[in-house]
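**Student:**
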Amino acid sequence: MKKVIIIGNGPAGISAALYTIRAGIKTIVIGHGLGSLGKADKIENFYGFEFPIAGSKLVETGIAQAKRLGAEIINEEVVGISAIDNHSESTQLKSAFSVRTDKNQYLSDAVILATGASRTAPPIKGLKELEGQGVSYCAVCDAFFYRNKDVAVLGSGEYALNEVKELLPIVNSVTLLTNGSEPTVSFPKEIKIEKHAISSLNPGASNPLLGGIGSLESVTLNYENKIKLDGIFVAYGTAGSSALAKKIGAFTEGNKIIVNSEMSTNVPGLYAAGDCIGGLLQISKAVSDGAIAGTSVVKYLR
Ligand SMILES: Cc1cc2nc3c(=O)[nH]c(=O)nc-3n(C[C@H](O)[C@H](O)[C@H](O)COP(=O)(O)OP(=O)(O)OC[C@H]3O[C@@H](n4cnc5c(N)ncnc54)[C@H](O)[C@@H]3O)c2cc1C
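The sequence shown: position 248 = 252 (my numbering), numbered continuously.
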């Protein structure tokens, strides 16, 4: 039986699941919390409700609906995704996927990313400017460029731990920068943990031939303590949609995942729907995107 993993249990992910499960495809929805709707007290512009409904109630009802139809709903945090060699000799599909969570690993023939709008990176001076110049959002993509170098991971939870584990075998040292928070999971002993607030990321001298600013050289903590670093991997909060998409080579623009009219990314078998592809950030559009992604996956897997 062909299998799809849907990452995100909000309106886009659940709407996609309703179509895949009813088409006879094994459907696993992995979600972590209530997403944007968990913050919405009152929804009164979504079709079919005479009176306002709490966002959390809408999400819970959607999840119950998908469950009743046979979708498997898993409450875990996805920290990584990668393409693997085809695991079934009989399959004609071009890709197969491995999705890693804080607790398990799951395999599937297709994946729909429906993780909502990407979280913005923390407003730290120099972070935006140094993107691609020492600031990375994907350890699995960029660790190789930092062989035997000193890097840091910015974050404090499961996602940061995943990035630390990707980096440790490759780089010289990893420092965890929690930017004022307490770590929420235990990290390997060999890394250094700095809990001070970050004041700025500092570039080195620019290349006279290239101009612009130089690459990341150091980070300043508490306005005084400077640590020399070659790279920083941002892994704040949970893995956002565009970070997950980038890990597997899907094209993104800013925080948005680029899809065609079938919600397909440039990676065969990888689809995206809802707030993570941008446009109107509303439930009705997320539900519509999910329906299109779900039906496209059905076509792809058949
Ligand atoms: C305060 C507020 C009020 C709003 N009010 C309205 C309104 O009145 N009307 C309206 O139409 N829209 C409203 N919206 C917008 C609406 O909530 C979104 O457009 C809609 O929820 C998008 O659906 P989605 O499925 O794309 O993403 P989301 O609803 O954000 O769902 C994404 C899901 O992915 C999960 N997830 C994310 N990362 C991971 C990970 N790494 N591993 C596992 N799971 C993950 C999250 O837990 C979440 O369940 C509001 C938004 C906010 C914040």
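Beta carbons: idealized from backbone N, C-alpha and C, even for Gly.
Could you compute how far the alpha carbon of T188 sits from the alpha carbon of E167?
**Tutor:** 15 Å
**Student:** Of all the options I78, A201, A297 and L38, which has the alpha carbon lying nearest to the alpha carbon of E64?
**Tutor:** Comparing Cα-Cα distances from E64 to each of I78, A201, A297 and L38, the minimum goes to L38.
**Student:** With a Cβ-Cβ cutoff of 8 Å, do L205 and V223 count as a contact?
**Tutor:** yes
**Student:** What runs of the alpha helix (DSSP H), each 4 residues or longer, lie entirely inside the region 13-87?
**Tutor:** Correct list: 15-26 and 59-73.
**Student:** What residue range is occupied by the uninterrupted beta strand (DSSP E) comprising G235?
**Tutor:** G235 to V238
**Student:** Any heavy atom of ligand 1 within a distance shorter than 7 Å of the CB on S288?
**Tutor:** yes
**Student:** Using CA coordinates, which residue listed in G138, V263 and C145 is at the minimum distance from A156?
**Tutor:** G138
**Student:** Could you tell me which of P56, I11, G294 and P207 sits nearest to K129, measuring between CA atoms?
**Tutor:** P207
**Student:** By Cβ distance below 8 Å, which residues in the same chain neighbour A201 in space, the five residues on each side in sequence not counted?
**Tutor:** N183, G184, L225 and N226
**Student:** Nearest to S210 by CA position, among G278, E133 and D154, is which residue?
**Tutor:** Ranking the options by Cα distance to S210, first place goes to E133.
**Student:** According to the Cβ coordinates, are I116 and Y275 closer than 8 Å?
**Tutor:** yes
**Student:** How many angstroms separate the CA atom of K199 from the CA atom of T119?
**Tutor:** 28 Å
**Student:** Output the residue ranges of the alpha helix (DSSP H) runs that lie fully inside the region 157-230 and measure 4 residues or longer, sorted by chain position.
**Tutor:** 162-171
**Student:** I'd like the list of long-range same chain contacts for I47, defined as Cβ closer than 8 Å, with 5 residues on each side in sequence excluded.
**Tutor:** L41, F53, P56, I57, A58, G59, L62 and I287
**Student:** May I have the straight-line CA-CA distance separating D146 from S140, to the nearest angstrom?
**Tutor:** 7 Å
**Student:** Just reading off the alpha helix (DSSP H) that I287 is part of, what are its end residues?
**Tutor:** I287 to L305
**Student:** Tell me the rounded alpha-carbon separation between G66 and I88.
**Tutor:** 31 Å
**Student:** State the start and end residues of the unbroken beta strand (DSSP E) segment that holds V103.
**Tutor:** A100 to T105
**Student:** Got a sec? Which residues, its chain only, sit under 7 Å from F191 by beta carbon, not counting five neighbours each side?
**Tutor:** Hits under 7 Å: L165, V168, L180 and I197.
**Student:** If you measure from the CB of G278, is any heavy atom of ligand 1 nearer than 7 Å?
**Tutor:** yes
**Student:** In this structure, how does DSSP classify A247 when only helix, strand and coil are distinguished?
**Tutor:** helix
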